[in-house]
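Heads up: the sequence shown begins at 1 in the UniProt record's numbering, then just goes up one per residue. Backbone N, C-alpha and C fix where the C-beta goes; we use that ideal spot for every residue, glycine too. Just so we're clear, the structure is a prediction, and the values are computed from it rather than from any experiment.
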Amino acid sequence: MILRYAVLEDVPALRTVYADAVHTLAPPLYSAEQVRVWASFSEQDAFVAFIRDVDTLVAEVDGRPVGFRGIGADGHVASVYVVGHAAGQGVGTRLLSQAQQDHTAPTSGRYFTEASLLSRPLFLKLGFVQIGIEHADRDEIAFERFLMQRPLDRPVRSDCAKILRP
Numbered sequence: 001m002i003l004r005y006a007v008l009e010d011v012p013a014l015r016t017v018y019a020d021a022v023h024t025l026a027p028p029l030y031s032a033e034q035v036r037v038w039a040s041f042s043e044q045d046a047f048v049a050f051i052r053d054v055d056t057l058v059a060e061v062d063g064r065p066v067g068f069r070g071i072g073a074d075g076h077v078a079s080v081y082v083v084g085h086a087a088g089q090g091v092g093t094r095l096l097s098q099a100q101q102d103h104t105a106p107t108s109g110r111y112f113t114e115a116s117l118l119s120r121p122l123f124l125k126l127g128f129v130q131i132g133i134e135h136a137d138r139d140e141i142a143f144e145r146f147l148m149q150r151p152l153d154r155p156v157r158s159d160c161a162k163i164l165r166p
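The following block contains the structure:
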């Protein structure tokens, strides 16, 4: 697996990764309507900013994206998505571990996220703690998200691949 930073030309492939992750991994945890609404974000114009406006790292296997994560300078983990066939193989762990290594001094003094039921176990595994629950609506469909954070003094895993910058 190779980790590299996203470029604008990656957006179509990352739309596919996002939609695949939601369609294949979310159904056991979410209603069909929630899955439909969640996955539809990949088709919206705002998806480009979702990738572009944060530090987005792409995981590739055999030259094809299998996952990505986005993190802001403030330590906000905006995304971690892995295609269904690569789930459970350490892709998300490597992407998130690398985010914590690349951003050693987030401006907020911590790493934080709004985790889904799907991503919550990954964040817990990497030392995040739940500090609250958020109820959010997307296209009038309710979602429950877990507010999580990880203090800077917690150790991070170091088993990440070399990162390639464009």
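So residue i and residue j are supposed to be a Cβ contact under 8 angstroms. How far apart are they, rounded?
i    : j   : result
L118 : A19 : At roughly 14 angstroms, the Cβ-Cβ gap does not stay under 8 angstroms, so L118 and A19 are not in contact.
V83  : G67 : 7 angstroms
V11  : V48 : 6 angstroms
S79  : G70 : 4 angstroms
By the DSSP assignment, the alpha helix (DSSP H) with residue i in it spans what residues?
i    : result
Y5   : Where Y5 is concerned, there is no enclosing alpha helix (DSSP H), although the beta strand (DSSP E) it sits in stretches over I2 to Y5.
Q149 : Where Q149 is concerned, there is no enclosing alpha helix (DSSP H), although the beta strand (DSSP E) it sits in stretches over I141 to P151.
A13  : V11 to L25
T93  : V91 to D102
V129 : That residue, V129, is in no alpha helix (DSSP H); its beta strand (DSSP E) goes V129 to R138.
S40  : A32 to S40
A46  : A46 to R52
L122 : R120 to K125
Is residue i close to the ligand MG? I mean its beta-carbon at under 7 angstroms from any heavy atom of the ligand.
i   : result
Y18 : The ligand MG is not part of this structure, which contains no ligands at all.
Using only alpha-carbon positions, find the residue among the options that is nearest to residue i.
i    : options                  : result
Q130 : L14, A136, L122 and Q149 : Q149
L8   : I51, V35 and Q44         : I51
L152 : H76, I2, W38 and F68     : H76
F123 : A136, L95, A105 and V35  : L95
I133 : D139, G70 and F112       : F112
D137 : V35, V17, T16 and D10    : V35
P106 : A49, D74, D53 and I2     : D74
If you follow the beta strand (DSSP E) that residue i is in, where does it begin and where does it stop?
i    : result
T56  : D55 to V61
P65  : R64 to I71
A115 : R110 to A115
V77  : V77 to V82
Which residues in the same chain as residue i place their Cβ atom closer than 7 angstroms to its Cβ, once the five residues preceding and following it in sequence are excluded?
i   : result
L29 : L117 and L118
A21 : Y81, V82, V83 and G84
A13 : P65
For residue i, collect the residues of the same chain with a Cβ closer than 8 angstroms to its Cβ; drop the 5 residues on either side in sequence, then sort them by chain order.
i    : result
K125 : T93
V17  : P65, V66, G67, F68, Y81, V82 and V83
Inset, instruction - Decide yes or no for the touch test of the region 138-153 against the region 109-128: beta carbon pairs closer than 8 angstroms, at least 3 of them. - result: They touch, by the three-pair rule.
Inset, instruction - Kindly confirm or deny that the region 54-67 and the region 28-45 touch, where touching means at least three C-beta pairs closer than 8 angstroms. - result: no
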